[in-house]
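As you go down the protein sequences, you meet chains A and B in turn. First residue of the first sequence: 25, per my numbering; consecutive thereafter. First residue of the second sequence: 605, per my numbering; consecutive thereafter. I have placed the structure first, in the form of structure tokens, so that the comments after it can refer back to it.
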Amino acid sequence: MAISVKLDRVLLDRGMSLTELSERVGVTIANLSILKTSKAKAIRFSTLEAICKELNCQPGDILFYED
Amino acid sequence: MRAIGKGSLASILAVGLNFTRIFLWIGFVGLSIAMVLVPLASVIAELVQDIDGVNLDADISAGRDDYLKLAHQFVNFGVMLFVVNRLLEILKTLRFGSPFVKENADRFRGVGYALLIGQGSVIAFGFLSLIFDADIEIDMSPIAWLAIIAVFVLSEVFREGARMKEEQDLTV
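Laid out in structure tokens, this is it:
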């Protein structure tokens, strides 16, 4: 897949666990795991907005395009 | 009344199909045994004749046309059994989970091919009945051909549904 997700790196930088992010964002751990492992086929703007807000980052810090 | 779920129309249909499957299995096993025994009928008759006290006057030898009728019914029962089994598997997913899975698309495709074989056998046995002068009723129904096309279309609808469901499940 061309788009990869580097959520764990940002989580490590912020010292936040996936469970904590899940509680703050209101997305299940199962869904965040799907996102973290780059298995997700799509991400809602609302989810991306909530993640960026909680992690204080830009979408480009999480999502990368790989050729 | 609900169409899907527990105690729904789908459940009633499943019960009906389960009974049908039992009858079809009995018929299919019976026909399978007959398929093996009928060609051996004259040999069996001779063996029975050798037993003391047995007097077998009746002619039990089967002609080619009888065997053709038997083979025709054997294929019919086989196709019906396959279709009923696939429909029961589809109904199971309908009652206890999501019907939009890739397996159901494959099952519908299988049903389509089975019906195609069924209709193909009607033509084949019809042709053979002309050659061997067997009395086999050839029922070339246009509805059956339309149903086959509809089943193949339905298979693709389920494939697309499964794709959309997967996409929905993997949308965060």
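Don't be surprised by glycine CBs; every beta carbon is placed ideally from N, CA and C. Everything numeric in this text was worked out from a predicted model, so none of it was measured.
Any C-beta of chain B under 8 Å from that of residue i
| i | result |
| --- | --- |
| residue 45 of chain A | no |
| residue 27 of chain A | no |
| residue 79 of chain A | no |
| residue 38 of chain A | no |
| residue 42 of chain A | no |
| residue 51 of chain A | yes |
Any C-beta of chain A under 8 Å from that of residue i
| i | result |
| --- | --- |
| residue 624 of chain B | no |
| residue 621 of chain B | no |
| residue 705 of chain B | no |
| residue 776 of chain B | yes |
| residue 764 of chain B | no |
Rounded straight-line distance, which links the Cα of residue j to that of residue i
| i | j | result |
| --- | --- | --- |
| residue 89 of chain A | residue 752 of chain B | 45 Å |
| residue 642 of chain B | residue 680 of chain B | 18 Å |
| residue 672 of chain B | residue 700 of chain B | 42 Å |
| residue 690 of chain B | residue 639 of chain B | 25 Å |
| residue 707 of chain B | residue 686 of chain B | 15 Å |
| residue 669 of chain B | residue 739 of chain B | 7 Å |
| residue 625 of chain B | residue 697 of chain B | 18 Å |
| residue 735 of chain B | residue 727 of chain B | 13 Å |
Helix, strand or coil at residue i according to DSSP, with G and I counted as helix
| i | result |
| --- | --- |
| residue 62 of chain A | coil |
| residue 753 of chain B | helix |
| residue 705 of chain B | coil |
| residue 27 of chain A | strand |
| residue 697 of chain B | helix |
Endpoints, the alpha helix (DSSP H) within which residue i is located
| i | result |
| --- | --- |
| residue 42 of chain A | 42-49 |
| residue 87 of chain A | Taken as a continuous stretch (DSSP letters only), residue 87 of chain A belongs to no alpha helix (DSSP H), being part of the beta strand (DSSP E) at 87-89. |
| residue 630 of chain B | 613-641 |
| residue 77 of chain A | 69-79 |
| residue 651 of chain B | 645-654 |
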